[in-house]
Amino acid sequence: MQKRIGVVFVSRRNSLRSILAEACLSHLDPKRFSVSSCGQPGHVGREFHPAAIGALHSASIPVPQRPPRSWDELVRTHPSGADFVITLDAATESLQPPWPGQPDSALWSYPDVAAETDPEQVAHAAVQMLFSLRRRLELLVSLPMQGVDRAAVRSDVRDLGYMR
């Protein structure tokens, strides 16, 4: 039996972007990937953004069961680390702690649509973001992860951040 590939998605509040990514990858390949998400301490939302829940429901993707959490909490509860840390918010990239196990990292920058004030605009943007994330994650799932050059996989995962 192969080891599951650990992926952590990071965004500032862990209420929309990283939740969409976590739920989508968990939905696409739950057997091969162990997926979690987290946000910046002091900025983490108390609950998932309604637009994230709406976007996931519209795509028939289950909403994650656990509430938003900070990266401090994630590192404390999952000390073995991850294979990949994918940051979805350029503003938090330089603030992150050293991750246990020295995982490969990538930036897939998405705008902070949760900060918008118009609920209809946020809902529409969340659905568009989910479609974009799903395209990237389908490609991630298709990558050969076992028995290949780790630098090549790292490069491929980082390159996915440049997709539009």
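Mind the numbering: the sequence shown is residues 0 to 163 in numbering that gives the first Met the number 0, read in order. Yeah, the Cβ is synthetic: ideal placement off N, Cα and C, and Gly gets one too.
Put residue i into one of helix, strand or coil per three-state DSSP.
i	result
S167	Residue 167 cannot be examined here, being either before or after the span of the chain that is shown, 0 to 163.
G41	coil
G5	strand
V140	helix
S25	helix
Any idea if residue i is buried or exposed, counting beta-carbon neighbours within 10 angstroms, 16 or more meaning buried?
i	result
D148	exposed
A151	exposed
A125	buried
S141	exposed
R12	buried
May I ask you to check if the CB of residue i is nearer than 7 angstroms to at least one heavy atom of the ligand ZN?
i	result
A114	This structure simply doesn't include the ligand ZN, nor any ligand for that matter.
Since residue i and residue j should fall inside the 8 angstroms C-beta cutoff, what is the C-beta to C-beta distance between them, to a whole number of angstroms?
i	j	result
L87	L55	About 15 angstroms separates the two Cβ atoms, so there is no contact after all.
S79	G100	7 angstroms
M162	R16	Going by Cβ atoms, the distance from M162 to R16 rounds to 15 angstroms, so no, they are not a contact pair.
V84	V9	6 angstroms
For residue i and chain B, any beta-carbon pair shorter than 8 angstroms?
i	result
A89	Chain labels in this structure do not include chain B; a single protein chain is all it has.
Starting from the N-terminal side, write out each stretch of the alpha helix (DSSP H) that is 4 residues or longer and does not extend beyond the stretch 71-118. Within the stretch 71-118, the complete alpha helix (DSSP H) segments at least 4 residues long are 89-92, listed from N- to C-terminus.
Kindly confirm or deny that the stretch 9-25 and the stretch 54-71 touch, where touching means at least three C-beta pairs closer than 8 angstroms. Touching, yes, given that three or more Cβ pairs across the two stretches are closer than 8 angstroms.
Contact between the stretch 35-49 and the stretch 65-76: three or more CB pairs below 8 angstroms? Contact holds: three or more Cβ-Cβ distances are below 8 angstroms.
Quick check: the stretch 89-102 against the stretch 118-132, are at least 3 beta-carbon pairs closer than 8 angstroms? For the pair of segments examined, the stretch 118-132 was found not to touch the stretch 89-102: the number of CB pairs separated by less than 8 angstroms stays below three.
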